[in-house]
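Residue numbers (my numbering), protein chains in the order written: chain A, 3 to 182; chain B, 743 to 838.
The beta carbon of each residue, even a glycine, is placed where N, CA and C say it ideally should be.
Predicted, not measured: the structure shown is a model, and the values here were computed from it.
Notes for the one structure printed next.
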């Protein structure tokens, strides 16, 4: 099914179109949400909120961008909202930095993920979308309303930060030696 | 133009989450959509009740409903007392 018929199907409220769309994107959206929540159930709820929002606002979709870009935009804004609410909640309950590095320094992959998650928001989102969701820099640019150059720059800066962090933690050196 | 991939790229790609979505995901989502539609109706009813309550309060304030209610209450109480007194008087006359 092409995008045009997808959008028409969604706008006319055809359930099978919506289900097909969910099947197409749920894994990626779920991964994105999981990288923010670090909890399976919360990630499921958050990703479902993304589809719920899409279902409710599809009538107002003006097709200025592709449907996938639109879905990812909703997902990114939902994840940022989740993080904001979580940080307020943590602040109120006195559990700031609940997802600190000490929670994840168990396995190498967890260590890398924790370093990625500790990046500033403007660097973290492009890294997650590029490496974890497999989107191209052009697509990320469209989602975040930025140029491809700017995304490239952000990924470069994020990598530099991560490299420093890995070297400080002794991870990168070890990893390189193993590769050789 | 995207840069050539290095070993750091490999590490980052490797650390991606490999998660499987629950098989009941779609069913739960459809349930949520249905309940959210019902939820909207509930919100409408609640909003309507609140607006109506607001109008009632304005009406009550404007026409001194509070005093009218008190007035009715004492009228009823007065009627009851007079009926009770009459029945006591009748009993007294009859000699009960």
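Inset, instruction - For the alpha helix (DSSP H) holding residue 19 of chain A, just list the boundary residues, first then last. - result: 17 to 39
Inset, instruction - Say whether chain A places a C-beta atom closer than 8 Å to the C-beta of residue 757 of chain B. - result: yes
Legend entry - Close beta carbons around residue 104 of chain A, own chain, < 8 Å, minus the five adjacent residues each side: Because residue 104 of chain A sits at a pLDDT of 46, beneath the cut-off of 50, its placement in the model cannot be relied upon, and the point is left open.
Legend entry - Residues, ordered as in the chain, of the segment 773 to 789 of chain B that lie near chain A by beta-carbon distance below 7 Å: 774, 775, 778
Inset, instruction - Flag residue 770 of chain B as yes if its beta-carbon sits less than 8 Å from any beta-carbon of chain A, otherwise no. - result: yes
Legend entry - Inter-residue Cα distance where the pair is residue 107 of chain A and residue 167 of chain A: Residue placement at residue 107 of chain A cannot be trusted, given a pLDDT of 45 that sits under 50; what the coordinates show is reported in the next sentence. Taking the straight line joining both Cα atoms gives about 13 Å.
Inset, instruction - State the start and end residues of the unbroken alpha helix (DSSP H) segment that holds residue 81 of chain A. - result: 69 to 95
Inset, instruction - Under 8 Å Cβ to Cβ from residue 48 of chain A, same chain only, skipping five residues before and after it: list those, please. - result: 35, 38, 39, 80, 81, 84
Inset, instruction - With residue 837 of chain B as the anchor, note down where its alpha helix (DSSP H) starts and where it stops. - result: First-last for residue 837 of chain B: undefined, no H or E at that position.
Legend entry - Where residue 27 of chain A falls, given that 16 or more other Cβ within 10 Å makes a residue buried: buried
Legend entry - Reduced DSSP category for residue 829 of chain B - H, G, I as helix; E, B as strand; rest coil: helix
Inset, instruction - May I have the straight-line CA-CA distance separating residue 31 of chain A from residue 800 of chain B, to the nearest angstrom? - result: 49 Å
Legend entry - Amino acids of chain B, ordered along the chain, whose beta-carbon sits closer than 7 Å to that of residue 115 of chain A: 757
Inset, instruction - Give the straight-line distance between the Cα atoms of residue 144 of chain A and residue 29 of chain A, rounded to the nearest whole angstrom. - result: 20 Å
Legend entry - Proximity winner among A:46, A:93, A:70, A:51, relative to residue 6 of chain A (alpha-carbon distances): A:70
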